[in-house]
Amino acid sequence: MSGVQPEKSRGRHGKAACALLLATSMLALLRPAPLHAQETELRGEVSESAILSDRQRKARRLVLAAQGQQQPANAAQDDTQPRAYLPASAGAVPDGTDTDAATGSIFDPPQANDDTSTDNPTPPKPRRRPSTAGQTAADQDKTKAGAKAADRSKKKKTTAATTDTTGAVTDGSDTAATDQETANRRALTIDSAERQKLDPGAERTAAIEGLNRKAEDDPFAATGVRWGSFIIRPTIEQGLTATTNGDSSSAGTSALLSETALRFSAVSDWRENSATIDGYGLFRETVSGYPVHNGQGRIEGQFNMDLDNELRAIAKLGYEAVPETASSPNAIAGVSTQPLRQTIDGSLGIEKAVGKMQYTLTGAVSHDFYGDAKLSDGTSLSQKDQDSTLYTATLRTGYEISPALTPFTEVELGRRTYDQRIDNEGFERSSTRFGARAGLQLDMGEKLSGEFSAGWLREALDDKSLEPISGATVNADLKWSPERGTTIGLTGKTTVETTTTPGESGDILYSGRLTAERHIRANLTGNAALGLDWRDYIGIDGHDRILSAEAGLTWWLNRYAGLTSRVRTEKLTSNLPGRDYTANSIYLGLKVQR
1 MSGVQPEKSR
11 GRHGKAACAL
21 LLATSMLALL
31 RPAPLHAQET
41 ELRGEVSESA
51 ILSDRQRKAR
61 RLVLAAQGQQ
71 QPANAAQDDT
81 QPRAYLPASA
91 GAVPDGTDTD
101 AATGSIFDPP
111 QANDDTSTDN
121 PTPPKPRRRP
131 STAGQTAADQ
141 DKTKAGAKAA
151 DRSKKKKTTA
161 ATTDTTGAVT
171 DGSDTAATDQ
181 ETANRRALTI
191 DSAERQKLDP
201 GAERTAAIEG
211 LNRKAEDDPF
221 AATGVRWGSF
231 IIRPTIEQGL
241 TATTNGDSSS
251 AGTSALLSET
261 ALRFSAVSDW
271 RENSATIDGY
281 GLFRETVSGY
291 PVHNGQGRIE
301 GQFNMDLDNE
311 LRAIAKLGYE
321 AVPETASSPN
331 AIAGVSTQPL
341 RQTIDGSLGI
351 EKAVGKMQYT
361 LTGAVSHDFY
371 GDAKLSDGTS
381 LSQKDQDSTL
391 YTATLRTGYE
401 ISPALTPFTE
411 VELGRRTYDQ
421 RIDNEGFERS
431 STRFGARAGL
441 QLDMGEKLSG
451 EFSAGWLREA
461 LDDKSLEPIS
471 GATVNADLKW
481 SPERGTTIGL
491 TGKTTVETTT
501 TPGESGDILY
511 SGRLTAERHI
521 RANLTGNAAL
531 GLDWRDYIGI
541 DGHDRILSAE
551 AGLTWWLNRY
561 AGLTSRVRTE
571 KLTSNLPGRD
581 YTANSIYLGL
591 KVQR
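The letter at position 383 of the sequence shown is residue 383 when you use the numbering used here, and the numbering goes up by one with no holes.
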């Protein structure tokens, strides 16, 4: 009885000890990992024996022994000789030359390394903190707070590994992980790049003071003056001309002339439709030498209006006053002043585009009336028998091959009527007109634009004794810019000139001009012109040839004033007596514009 009592007591004590050991082991296993170990992600595979401390391993052995189990041989081997930690990447832990360091726990302090190679520098040895064993709870809390602060500092500065509250050190992989995290935060994603493209405000804008202002194409061009809804650009030019032939006639002599030229242009700034007005006036007075007193001018306006159904209307109206020149076939010999010829003209055209086809119908009216000629004896001679009106209608049909090329054909019908049906010599000068032309319209922007055409024109007079005026026609208006600042122009025109000379029907005048303008410098402009006129008389075997050449320079003092000069030569050669002449002149003046 007494022998059995102690044995039961020993059995109860054994079971209590086993329960105590089991609870202690469970508490040790369930103990939370250090704070730094929770926040740090280690790379590589770590064995269980490398994580457990010696006390935890002993507790585990006691639990197994109490349960009557034997520890496997490999487990015992792991307890005595822990497996070496194999990092996932090189440099995760400091390299050591000691075998103990290679086989020790990852929580042991890193060993010193004598390798001073710069290829793989060793991270600096962190400062070891004392163990928290035996510290109070307050001291442990302070130690944990310090560990957290050190960890935050490490993440911001990406420094080497530091020691945790249990004496463990963080792996060098923390530095790499922090660097990678920082790079990931700063990396430019596809979405952010697209947002920067779509959001203009995402890009920084340079300061206004740093922006380069665009240079003007022509810094000395007229700025203009606003008048209502028009921009007017007036120009006045005053100078002196020295010439060898005052009035460009066979009897002309040298003279010094005062020349005043007024020019202006006005352009509307309407939102729809447009209008332009252009005009000039030229006055010449003798200062010394051959007497010359004349003036001439012209004003013309054009109005463009868009209508419904893709129709476009173009209206023109003009007035011109020009004295009859001494070289004109209608010039009167022995007069002190040639008669003044005045012209009022107007036209109205309708344009219509149907696919690639283009149609234009234009009606025009031009009325000429002449003043009296003043004779040398002070009397006057009436020129009323030359007053006439020309009515024409022109139909143009074009086909747009491309936006730059549009060939076209024109058919013209007209009627010329004289105010005095029978002139002073008894001839009926009224006539009927018919013409046909074919040409090409060019539109290549600033490089090349304009049109040219060729055809045939016939004007039959009512008086059957007078020969019809007929001949080939050539017309051109082209502008070519081979490079910026250079403009070359070619103009050609065919004109029917009437006359009241007995037995003559009139003549056909072919006029051609080749012009060039060059901006040599911003404030220096040069221009040149070559001219050829050919006059073919109808009814008699006669012709005139006029050659001319001109060159000039304009030096702008500022945007509103400049000095201008030009030299000119002109020569007329005719097979009719008393018509040849040569005129050379030089001009120097001041030009003012606004």
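Backbone N, C-alpha and C fix where the C-beta goes; we use that ideal spot for every residue, glycine too.
* Can you round the beta-carbon distance between Asp387 and Tyr359 to whole angstroms, since I take them to be within the 8 Å contact cut? -> That belief does not hold up - the Cβ atoms of Asp387 and Tyr359 are roughly 34 Å apart, past 8 Å.
* Close-in-space but distant-in-sequence residues of the same chain around Ala528 (CB under 6 Å, 5 per side omitted) -> Same-chain partners within the cutoff: Ala516 and Ala551.
* To do: Could you tell me which residues DSSP pairs with Pro403 in its beta bridges?
  => None; Pro403 has no bridge partner.
* Tell me whether Trp556 is buried or exposed, calling it buried when 16 or more other Cβ atoms sit within 10 Å of its Cβ. => Classification for Trp556: buried.
* Measure the C-alpha to C-alpha separation of Gln196 and Asp218 and round it to an integer number of angstroms. => Residue placement at Gln196 cannot be trusted, given a pLDDT of 49 that sits under 50; the coordinates are not used to answer.
* Less than 8 Å separating the beta-carbons of Ala393 and Leu413? -> Closer than 8 Å, so yes.
* Exposed or buried, what is Leu405 when buried is set at 16 or more other beta-carbons lying within 10 Å of its beta-carbon? -> Classification for Leu405: exposed.
* Per DSSP, what kind of secondary structure is Leu588 in: helix, strand or coil? -> Strand, per DSSP.
* To do: Could you check which residue in Leu576, Val322, Ala583 and Gln383 has the C-alpha nearest to that of Arg568?
  => Of the listed residues, the one whose Cα sits closest to Arg568 is Ala583.
* **Own chain residues within Cβ distance below 6 Å of Ala549, not counting five before or after** => Only Leu530 and Thr569 meet the Cβ criterion.
* Asked: Does Thr360 come within less than 8 Å of chain D when only Cβ atoms are used?
  -> In summary, chain D is missing from the structure at hand, where a single protein chain is found.
* Residues near Tyr391 by beta carbon distance below 7 Å, same chain, minus five either side -> Taking C-beta separations shorter than 7 Å and ignoring five residues to either side along the sequence, the partners of Tyr391 in its chain run Val365, Gly414 and Arg415, following chain order.
* Could you check what DSSP says for Lys356 in three-state terms: helix, strand or coil? => Annotated three-state conformation of Lys356 is coil, per DSSP.
* **Contact belief for Ile538 with Ser505 at Cβ below 8 Å, rounded distance in angstroms** => Between Ser505 and Ile538 the Cβ distance is about 4 Å, and since that is below 8 Å, they are a contact.
* Rounded C-alpha distance that separates Phe408 from Tyr319 -> Across the structure, Phe408 and Tyr319 are spaced so that their CA atoms are roughly 29 Å apart.
* Classify Asp385 as helix, strand or coil using the three-state DSSP reduction. => Looking at Asp385 - three-state DSSP - the assignment turns out to be helix.
* Asked: Of the residues Leu361, Ile231, Asp372 and His543, which one's Cα is nearest the Cα of Pro339?
  -> The shortest C-alpha separation from Pro339 is found at Asp372.
* **Residue nearest to Gln302 in terms of C-alpha spacing, selected from Arg458, Leu361 and Thr276** => For Gln302, the nearest C-alpha among the options comes from Thr276.
* C-alpha distance - Leu590 paired with Gly562, whole-angstrom precision -> Whole-angstrom Cα-Cα distance: 6 Å.
* To do: Alpha carbon to alpha carbon, how far is Thr337 from Ser382? Give it in angstroms, no decimals.
  => The alpha-carbon atoms of Ser382 and Thr337 are separated by roughly 13 Å.
* Cβ distance (whole Å) where Asp477 is taken to contact Ile508 below 8 Å -> Ile508 and Asp477 do not touch by the CB rule: their CB atoms are close to 19 Å apart, not below 8 Å.
* Would you say Thr491 and Arg518 are within 8 Å of each other, going by their C-beta atoms? -> Between Thr491 and Arg518, the CB-CB gap reaches or exceeds 8 Å.
* Would you mind reading off the limits of the beta strand (DSSP E) that contains Lys571? => Run containing Lys571: Ala561 to Ser574, per the beta strand (DSSP E) assignment.
* To do: Name the residue from Val335, Ala315, Ile314 and Leu317 whose alpha carbon lies nearest to the alpha carbon of Arg324.
  => With the sequence shown as reference, residue 324 is identified as Glu, and Arg is not the correct amino acid for it. Checking every option, the nearest Cα to that of Glu324 belongs to Val335.
* Can you list, in chain order, the residues of its chain whose CB lies under 6 Å from that of Ser585, leaving out five sequence neighbours each side? -> For Ser585, where only same-chain residues beyond five positions count, the Cβ hits under 6 Å are Thr241, Thr243 and Arg568.
* Around the C-beta of Gln593, are 16 or more other C-beta atoms found within 10 angstroms, so that it is buried, or is it exposed? -> Under a 10 Å Cβ-count criterion, Gln593 is classified as buried, with 16 or more other Cβ atoms of the shown protein chains found around its own Cβ.
* Straight-line Cα distance separating Asn475 from Lys493 -> Taking the straight line from one Cα to the other gives about 5 Å.
* To do: Whole angstroms is fine: what's the gap from Glu329's alpha carbon to Thr499's?
  => Reading the sequence as shown, one finds Pro at residue 329 and not Glu. Cα to Cα, the separation comes out at about 7 Å.
* Asked: Taking Asp544 as the reference, which of Leu553, Gly526 and Ser574 has the closest Cα?
  -> Nearest C-alpha to Asp544: Ser574.
* If you draw a straight line from the C-alpha of Asn273 to the C-alpha of Ala221, how long is it? -> Taking the straight line from one Cα to the other gives about 25 Å.
* Under the rule that 16 or more other beta-carbon atoms within 10 Å means buried, what is Ser327, buried or exposed? -> Buried, since its Cβ has 16 or more Cβ neighbours within 10 Å.
* To do: Assign Arg421 to buried or exposed, taking buried as 16 or more other Cβ atoms, counted over all protein chains shown, within 10 Å of its Cβ.
  => The residue in question, Arg421, is exposed, as its Cβ has fewer than 16 Cβ neighbours within 10 Å.
* To do: Using a threshold of 8 Å, state whether the C-beta atoms of Ile469 and Val496 are closer than that.
  => Contact flag set, yes.
* To do: Tell me whether Asp269 is buried or exposed, calling it buried when 16 or more other Cβ atoms sit within 10 Å of its Cβ.
  => Per the 10 Å Cβ criterion, exposed.
* According to DSSP, what are the bridge partners of Asp372? -> DSSP, once it has assigned bridges, lists no residue as partnering Asp372.
* **Start and end residues, beta strand (DSSP E) containing Gln305** => What sits at residue 305 in the sequence shown is Met, not Gln. Annotation: the continuous beta strand (DSSP E) that includes Met305 extends over His293 to Asp306.
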